[in-house]
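First the structure, in the form of structure tokens, and then the observations on it.
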Ligand code: GLU
């Protein structure tokens, strides 16, 4: 069998939707699985709408996701190839040539200034109730699409259609087919919303006397809540948002791979090499997949947890850098290296994504952190918080700060003396150190802050305890 050649063919709309990312990914996976070629082709015939930024949205998203293209526009390490140009806006000459072939074969005619594609078969005028007008129907056999995902699909394509508009611009159907044909695409993997176009495309391939590629229409992605396809307006629909929020691209890729495909078992977190090895179009579900942001957050957390600490550190720092003027980010980046490292180590297993970092770590990097009033109210009105603070402060000088275990033992010993438990000290200590009731382990926090800062913060809470 000849080498697989697949393409991802986005239009530069200024957005990169989760659905586009999944289509790109399935094409990329299929190419990598089969040792084939992954092509990026930009469908930018709608000239007025295109701007340089819009192209970059596509390149940036693919680069961030790690979906490198073998052929296509040259960007960074990706692109080049013998079948270009890969921007439709630069292929007018090719479309004119191929239009010439259809004309020469007698498969076109002009009407109302537009060029129409002529189907073969007996014609008759029929009144169409729905459209309330008379149309020319052509007696045709149904077009058969042997879809690799949907199976055999038959569609009746029985009306001629426009292939060049009266303004001279070739229509999507023509350019899409000419490109797939000239780029020697073997498999067209695209969203199911294109299935309604495919019969037209098959008829065009046949008219060119060209082999018809195999088709694989991927099921839709349904919006999280309620019926219907996820649109770019739905929450969580844009790839760029995840990038900004500090999601790990490998987690998003893993999540997207499972949106309509499964490896045949119930594995979820999988290395990309395994996904590539197991990916097959036959394993793509026919039913629509529902987007689930919680599942994505969960996947991201699993990936964060699995990062080697030094890798986590580097990416956390990159994320802080991406926040620019954010005060916590600036303070974090200015902190001594060893301290920053220690804080990140405490947080690695706690975060769902890097976007939580500033709020989660603010009190490590500044003394002017916010206090949750409700938490304060609750903690300071239960038991004897002032006594607990005093006892803790009195125990600090003798406390061994070298390890979490030693700190825990010291607090437990203190508690045992008064017939109390670890928990009696924990809430008030956490409030003093962080102004909240959630966070990393309290013993870890003691160790990382060190004796002096723990003492200062306990004292500060004690000094204001009367106010609450
Ligand atoms: N430009 C089309 C789109 O963005 C792609 C069509 C195709 O993949 O054939 O939907």
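In the numbering used here, the protein residues as written are -3 to 464. Virtual Cβ for every residue (Gly too), placed ideally from N, Cα, C. Note that the structure is predicted; figures quoted are calculated from it, not measured.
- Per the coordinates, the alpha-carbon of residue 31 lies some 39 Å from the alpha-carbon of residue 341.
- When distances are taken from the beta-carbon of residue 5 to the heavy atoms of ligand 1, the shortest one is below 6 Å.
- At least one heavy atom of ligand 1 falls within 6 Å of the beta-carbon of residue 186.
- Ranking 19, 149, 240 and 85 by CA distance to the CA of residue 166 puts 85 first.
- DSSP, read as helix, strand or coil, puts residue 449 in helix.
- The bridge partners DSSP lists for residue 166 are 160.
- A direct Cα-to-Cα measurement between residue 292 and residue 247 gives close to 8 Å.
- Secondary structure of residue 294 (DSSP, three-state): helix.
- The Cβ atoms of residue 397 and residue 408 lie no closer than 7 Å to each other.
- Pairing residue 391 with residue 416 gives a Cβ-Cβ distance that is not under 7 Å.
- Under DSSP, residue 50 forms no beta bridge with any residue.
- Counting along the chain, the unbroken alpha helix (DSSP H) around residue 24 starts and ends at 14 to 30.
- According to DSSP, residue pairing for residue 67 in a beta bridge involves 35.
- In the structure shown, the three-state DSSP call for residue 430 is helix.
- Between the beta-carbon of residue 209 and that of residue 176 there is about 6 Å, and that keeps the pair under the 8 Å contact cut.
- If you look at residue 105, you'll find it in the beta strand (DSSP E) that goes 104 to 107.
- One thing to note: residue 162 has its Cβ no nearer than 7 Å to the Cβ of residue 241.
- A heavy atom of ligand 1 is found nearer than 6 Å to the CB of residue 39.
- Residue pairing for residue 214: DSSP places it in a beta bridge opposite 187.
- If you ignore the 5 residues before and after residue 68, its C-beta comes within less than 6 Å of the C-beta of 35, 36, 75 and 82, all in its own chain and listed in chain order.
- Ranking 318, 363, 444 and 437 by CA distance to the CA of residue 351 puts 318 first.
- When beta bridges are read from the DSSP output, residue 367 appears opposite no residue.
- Between the alpha carbons of residue 49 and residue 58 lies a gap of roughly 14 Å.
- Here residue 147 is exposed. Its C-beta has fewer than 16 other C-beta atoms within 10 Å.
- Three or more pairs of CB atoms, one per stretch, sit closer than 8 Å, so the stretch 278 to 293 contacts the stretch 223 to 241.
- DSSP places residue 129 in the uninterrupted beta strand (DSSP E) bounded by 129 to 134.
- By the Cβ neighbour-count rule, residue 320 is exposed, with fewer than 16 other Cβ atoms within 10 Å of its own.
- Annotated three-state conformation of residue 95 is helix, per DSSP.
- At a cut-off of 6 Å, the beta-carbon of residue 172 counts as near ligand 1: some heavy atom of the ligand is closer than that.
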